[in-house]
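Here the structure is laid out as structure tokens; the discussion comes afterwards.
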Amino acid sequence: MTENQKSVYSRKNPLSAKILSKELLTSKIDEKKTWHIEIDLIGSGMEFTPGDSLAIFPENNPDLVNELLKLLNFTGNEIVPTPSKIETDLRNALTKDYAITTPDKKLLRAVAEQVNNHTLSELLAPEKKQELNNYLWGREVIDLIIENPSVKFSAEEFVSLLKKLNVRLYSIASSLKHSPNQVDLTVAVVEYESHNRSRQGVCSSWVSERTEIGDQAKCFITPGKGFRLPDPDDSSPIIMCGPGTGVAPFRAFMQERKATDAKGDAWLFFGEIHEDGCFFYENEWEEYLNDGTLNKISTAWSRDQEEKIYVQHKILEEGKEFWSYLERGAIFYVCGDAERMAPDVDKALHQIIQEHGNKSEDEAIEYVNELKSLKRYRRDVY
Ligand SMILES: Cc1cc2nc3c(=O)[nH]c(=O)nc-3n(C[C@H](O)[C@H](O)[C@H](O)COP(=O)(O)OP(=O)(O)OC[C@H]3O[C@@H](n4cnc5c(N)ncnc54)[C@H](O)[C@@H]3O)c2cc1C
Ligand SMILES: NC(=O)c1ccc[n+]([C@@H]2O[C@H](COP(=O)([O-])OP(=O)(O)OC[C@H]3O[C@@H](n4cnc5c(N)ncnc54)[C@H](OP(=O)(O)O)[C@@H]3O)[C@@H](O)[C@H]2O)c1
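Heads up, the sequence shown is in my numbering, so the first residue is 182 and it goes up one at a time.
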């Protein structure tokens, strides 16, 4: 979808699309669960361009809904309004309409006032923002109720203190030119332990593990701001850096470039924890290498040896060739983790420009700024 093109499907009018297939890409390992998911678009007319994302409306975990209902002495049959003011029963509203993990400030305030929880009241002062964030890290609505057991709400009051359950975005991992009737995703299930409870991210666990083949997912396209391939007859090379699920849009890029017989060279940097068990789409990359759609793949397996090896280490190792790609006008795409990977890859990019381009620190910064202004350094990080 181009930025200006209107889709019939939107947040207000999502497509209900059938889950076609799901494959656990990490079935050989225990450390993480990343899924390849295919969603049916047949007859929908939904269109997208590689670089776009799919926004999905998730559902909350029914076990968590049950636990909350029990703790708050609700049956689940109480009638409440949804955020869009349609009446439904409380169980349905807590499953589909309201965020029951991340607590809203309204709920924190209501709990603090009702049970005279001074510690919580103090955390809500404007100057205590950081302390409040620290307190909330790893805490969910359920923790607040457990930690303040005398709290009581009517069903209507309770939902009025919750945020609306929002969509989550997933980079599209397929091209309509390759698979005209479907949209593919690469989804890592968010899982962690906090305050002695196992937690799961709402949408990553729903779409991967609580849906069955044939179930419907409500979704719409969000355009990838500037995360776009050059024209197929543009001979500029592309360098793609996508560790983990960051590789998703680059699968779409490769499918599109093969279908359009794109001219420029293409180089992929991929990283995951283990080569055996996490080399997502390995056979497809091999085919693209064989048919010339992909010229080179460089991989970094972080947990296959004692010291961590990450994509930026591979980028630095290949610095001379990386620099020659840049000097040939390459577009550098980075997708995946925003917090740790993207800043480290950015540092590696500056380092290569300094070392192989014989530039000072300031000149390297200028070079990167120039890349950005020419839209030759594009990031889609989350
Ligand atoms: C443009 C874009 C593209 C994306 N593409 C992809 C993609 O292709 N594949 C993919 O898997 N994801 C992708 N994401 C991320 C995705 O949108 C979701 O954010 C992700 O799946 C988590 O959503 P969730 O509902 O499962 O988790 P949520 O219910 O939203 O939970 C996540 C929250 O849990 C908390 N949390 C997480 N870990 C911990 C911890 N260790 N301790 C305490 N708290 C913690 C944090 O508050 C975190 O914000 C993309 C995001 C964007 C913006
Ligand atoms: N906030 C967090 O603590 C946290 C943690 C994990 C994932 N996430 C998020 O979970 C989602 C899915 O993650 P994912 O499964 O796609 O992959 P990911 O967790 O980003 O991991 C992919 C690969 O990147 C490596 N990596 C870790 N730190 C890196 C760094 N600084 N530079 C380069 N590579 C680095 C990982 O190694 P190692 O894991 O061996 O270090 C792994 O080999 C993303 O949204 C990500 O941001 C967040």
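C-beta atoms are modelled at their ideal positions from N, C-alpha and C, and glycine is treated no differently.
query, result
"Residue closest to N315, alpha-carbon to alpha-carbon, out of E248, H376, G445, N347", "H376"
"Beta-ladder partner(s) of Q381, from DSSP", "E372"
"Heavy atom of ligand 1 within 7 Å of T276 beta-carbon", "no"
"Distance CB(Y279)-CB(V348) smaller than 8 Å", "no"
"Short Cβ contact (8 Å threshold) for I478 with F451", "yes"
"8 Å Cβ cutoff met for L325 and L313", "no"
"Buried versus exposed call for P430 [16 or more other C-beta atoms within 10 Å across all chains shown]", "buried"
"A274 versus P239: straight-line alpha-carbon distance, rounded", "12 Å"
"Complete beta strand (DSSP E) runs within the region 240-311 (minimum length 3 residues, chain order)", "260-262, 268-270"
"Exposure label - K495; buried when at least 16 CB within 10 Å", "buried"
"L555, buried or exposed, once every other Cβ within 10 Å from all chains shown has been counted against 16", "exposed"
"Residues sharing a beta bridge with H455, DSSP", "Per DSSP, none; premise fails for H455."
"Rounded separation between Q381 and V371 - CA only", "6 Å"
"8 Å CB neighbourhood of F546 in its chain, flanking five on each side removed", "The question names Phe, but residue 546 is Ile in the sequence shown. H531, listed in sequence order."
"Rounded straight-line distance, which links the Cα of P404 to that of A293", "41 Å"
"Distance CB(T426)-CB(V364) smaller than 8 Å", "no"
"Reduced DSSP secondary structure (H/G/I, E/B, other) of M227", "coil"
"Distance, E456 Cα to D525 Cα", "21 Å"
"Three-way DSSP call (helix, strand, coil) for D525 in this model", "helix"
"For T215 and L206, believed in contact at Cβ under 8 Å, the rounded distance", "5 Å"
"Sub-8 Å separation of F503 and L552 beta-carbons", "no"
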